[in-house]
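> For the sequence shown, this note's numbering begins at 711 and goes up steadily by one. Next up is a structure, given as structure tokens.
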Amino acid sequence: GGETWRALMEPARMAARRLVERGEVQITQAGRVVDPSRAKGPIRVRRSRR
């Protein structure tokens, strides 16, 4: 609870970037697919459309 979730944000982003590299997910902001290395602020992770 509380603010402890913040410590997990960077590991979660790193895991999402690995999944992007494998083609399994896309990272979006404002509904648009973005380059995960340039994403700033809140992101959403969705399954890749194949």
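Idealized CB from N, CA, C, for every residue including glycine. These numbers were taken from a predicted model, which means no experiment stands behind them.
So, for residue 733: in the same chain, excluding its five sequence neighbours on each side, which residues have a beta-carbon less than 7 Å away from its beta-carbon?
Along the sequence shown, read from residue 1 onward, the residue named residue 733 stands at position 23. Excluding sequence neighbours, residue 733 sits near 758.
> Any C-beta of chain B sitting closer than 8 Å to the C-beta of residue 716?
Judged by its chain identifiers, the structure shown contains no chain B, having just a single protein chain.
> How many Å lie between residue 730 and residue 716 at the Cα?
Here residue 730 refers to the residue found at position 20 of the sequence shown. Here residue 716 refers to the residue found at position 6 of the sequence shown. Approximately 22 Å between the Cα atoms of the pair.
> Just confirm the distance between the C-beta atoms of residue 727 and residue 738, as a whole number of angstroms; I'd bet it's less than 8 Å.
Here the question's residue 727 lines up with position 17 in the sequence shown. Here the question's residue 738 lines up with position 28 in the sequence shown. At roughly 14 Å, the Cβ-Cβ gap does not stay under 8 Å, so residue 727 and residue 738 are not in contact.
> Count the other CB atoms within 10 Å of the CB of residue 743; is the residue buried (16 or more) or exposed (fewer)?
On the sequence shown, position 33 is the one that residue 743 refers to. Result: exposed.
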